[in-house]
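Q: Protein chains in written order, with full-length UniProt numbering: chain X, 1 to 154; chain L, 1 to 154.
By construction, the Cβ of each residue, glycine as well, lies at the ideal position given by its N, Cα and C atoms.
There are 2 protein chains.
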Amino acid sequence: MESESLLERSLVEQWRDLVARKTRVWNALELELDRQHGLSASEFEVLDTLSEYDCAEPPRVQELAAHVPITQSALSRMIGRLENQNLVTRTLCSSDRRGVFVVLTDEGMQRLTEARPTHRSVLAAELADGPSAELTAEPTGTDAVLVESGTQGK
Amino acid sequence: MESESLLERSLVEQWRDLVARKTRVWNALELELDRQHGLSASEFEVLDTLSEYDCAEPPRVQELAAHVPITQSALSRMIGRLENQNLVTRTLCSSDRRGVFVVLTDEGMQRLTEARPTHRSVLAAELADGPSAELTAEPTGTDAVLVESGTQGK
DNA sequence: GCGCACTAAGTGCACGTGCATGTAATCTCC
DNA sequence: GGAGATTACATGCACGTGCACTTAGTGCGC
Chain X
1 MESESLLERS LVEQWRDLVA RKTRVWNALE LELDRQHGLS ASEFEVLDTL SEYDCAEPPR
61 VQELAAHVPI TQSALSRMIG RLENQNLVTR TLCSSDRRGV FVVLTDEGMQ RLTEARPTHR
121 SVLAAELADG PSAELTAEPT GTDAVLVESG TQGK
Chain L
1 MESESLLERS LVEQWRDLVA RKTRVWNALE LELDRQHGLS ASEFEVLDTL SEYDCAEPPR
61 VQELAAHVPI TQSALSRMIG RLENQNLVTR TLCSSDRRGV FVVLTDEGMQ RLTEARPTHR
121 SVLAAELADG PSAELTAEPT GTDAVLVESG TQGK
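(1) Looking only at C-alpha atoms, which of L:ARG116, L:HIS67, L:ALA56 sits nearest to GLY38 of chain L?
(2) CB-CB under 8 angstroms to PHE101 of chain L, same chain, minus the five flanking residues each way: which ones, in chain order?
(3) Cα separation between MET78 of chain L and GLN85 of chain L?
(4) Could you tell me the distance, in whole angstroms, from the CA atom of SER51 of chain X to the CA atom of ARG81 of chain L?
(5) Hey, which unbroken runs of the beta strand (DSSP E) at 3 residues or more fall wholly within the UniProt domain "HTH marR-type" (4-151) of chain X?
(6) Which chain X residues are close to ALA20 of chain L, counting only those with a beta carbon under 8 angstroms from its beta carbon?
(7) Looking at chain L, is there any beta carbon in it that lies within less than 8 angstroms of the beta carbon of ARG111 of chain X?
(8) Three Cβ pairs or more, each shorter than 8 angstroms: is that satisfied between the stretch 19-29 of chain X and the stretch 12-24 of chain L?
(9) Three or more beta-carbon pairs under 8 angstroms between the stretch 27-36 of chain X and the stretch 104-122 of chain X, yes or no?
(10) Rounded to a whole number of angstroms, what is the C-alpha to C-alpha distance between ALA65 of chain L and VAL46 of chain L?
(11) Measuring only the C-alpha atoms, how far is ALA125 of chain L from GLU63 of chain L?
(12) Distance check for LEU87 of chain L and THR105 of chain L, CA to CA, integer angstroms please.
(13) If we define contact as Cβ-Cβ less than 8 angstroms, is THR118 of chain X a contact residue for chain L?
(14) Cβ of GLU8 of chain L less than 8 angstroms from any chain X Cβ?
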């Protein structure tokens, strides 16, 4: 029970690395997406996922929740917020009136298209380098990304 | 600008995998640590990090914040909560009276020691298998872990 | 010694989240 | 066809978080 130390240390290190990386990238995304496009990282993820569906067969809330790392209740509210910004719309499912289809509006598609380059370049910058960079929770130096991702500064 | 698709897709997939894995493990930890030991995943992480310091040279709040994926303000409040449970204590730094040392109490050390096997076995179970398991935000099936991690089941 | 910039930690506030529950629609089985 | 179980989504509530700011303490220049 004591001899597992080595294996366990490796697991713990792997875990901390995972958390550190995720947090670092997430924070960078949060920062840049909000600054440049007024979107949170979660919101972008939802819009981006949403865009992968055929407009003719939009996902239901539940379906969407299965592909985004938040709960169904959180998603429900987020859809409400996105709806208020006219980025998505809810439409009832006629065959099962409990169901709600979520579809990207034109405006939503546009915002997403604008934000995508920022998202991709943050990923490229932050996913690439050292897994165990200092850590986290602090705004990471993403100056290069800011420049790269276009001229829509501020 | 359009030709990067392949590379970008790979980045996005890598990113989603990272998030999915982190969320899955995190949720499992949250569930088991709370159920069995009344600790949140963040709290465990703080206590565990804390335990790596020599009692003679405890870390200051800032130092601790650099090794845990939350902000200093969140950590400040968490320390308050942990202090109320007598798991840690704050002591002033005499040489720099702005500083605050955080130290694990005996009780804190005990809770940590109890919780560690749970933590490790969740890691072993969840870190090991398929990176892109369905997803997440749902309680993952950790029945095996419950059994493995001892007889202190509720 | 005094003022000023700077750092460490704590706090008011608003907000997004999860859990538990509520409401509405559907399905099942008799 | 009607009661009860089940599913889909929304919501009340409490809570932890981040941001911006405050308070307390340090060090520097003059």
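A: Short version:
(1) On the second sequence, residue 38 of chain L is found 38 positions in, with the first residue counted as 1. It is L:ARG116.
(2) Stepping through the second sequence from its first residue, residue 101 of chain L is reached at position 101. The answer, listed in chain order, is PRO58, PRO59, ARG60, ARG90, THR91, LEU92, CYS93.
(3) Taking the first residue of the second sequence as 1, we reach residue 78 of chain L at position 78. Taking the first residue of the second sequence as 1, we reach residue 85 of chain L at position 85. Cα atoms of MET78 of chain L and GLN85 of chain L: separation of roughly 11 angstroms, rounded to the nearest angstrom.
(4) Translated into the one-based positions of the first sequence, residue 51 of chain X becomes position 51. Translated into the one-based positions of the second sequence, residue 81 of chain L becomes position 81. Approximately 42 angstroms, taken between the alpha carbons.
(5) The UniProt domain "HTH marR-type" (4-151) of chain X contains these whole beta strand (DSSP E) runs: 88-92, 100-104.
(6) Counted from its first residue, the second sequence places residue 20 of chain L at position 20. Near ALA20 of chain L (Cβ distances below 8 angstroms), the residues of chain X are PRO69.
(7) In the first sequence, counting from the first residue as 1, residue 111 of chain X sits at position 111. False, the Cβ-Cβ gap to chain L never drops below 8 angstroms.
(8) When Cβ pairs closer than 8 angstroms are counted between the two stretches, the stretch 19-29 of chain X is seen to touch the stretch 12-24 of chain L, the count reaching three or more.
(9) yes
(10) For this step, residue 65 of chain L is matched to residue 65 along the second sequence. For this step, residue 46 of chain L is matched to residue 46 along the second sequence. Each residue's alpha carbon lies about 9 angstroms from the other.
(11) Residue mapping note: residue 125 of chain L aligns to position 125 of the second sequence, counting from 1. Residue mapping note: residue 63 of chain L aligns to position 63 of the second sequence, counting from 1. Their Cα atoms are separated by approximately 31 angstroms.
(12) The residue you call residue 105 of chain L lines up with position 105 of the second sequence. The residue you call residue 87 of chain L lines up with position 87 of the second sequence. If I take the Cα positions, the gap works out to 5 angstroms.
(13) For this step, residue 118 of chain X is matched to residue 118 along the first sequence. By this cut-off, THR118 of chain X is not an interface position.
(14) Your numbering for residue 8 of chain L matches position 8 in the second sequence. It does: the Cβ of GLU8 of chain L has a partner Cβ on chain X nearer than 8 angstroms.
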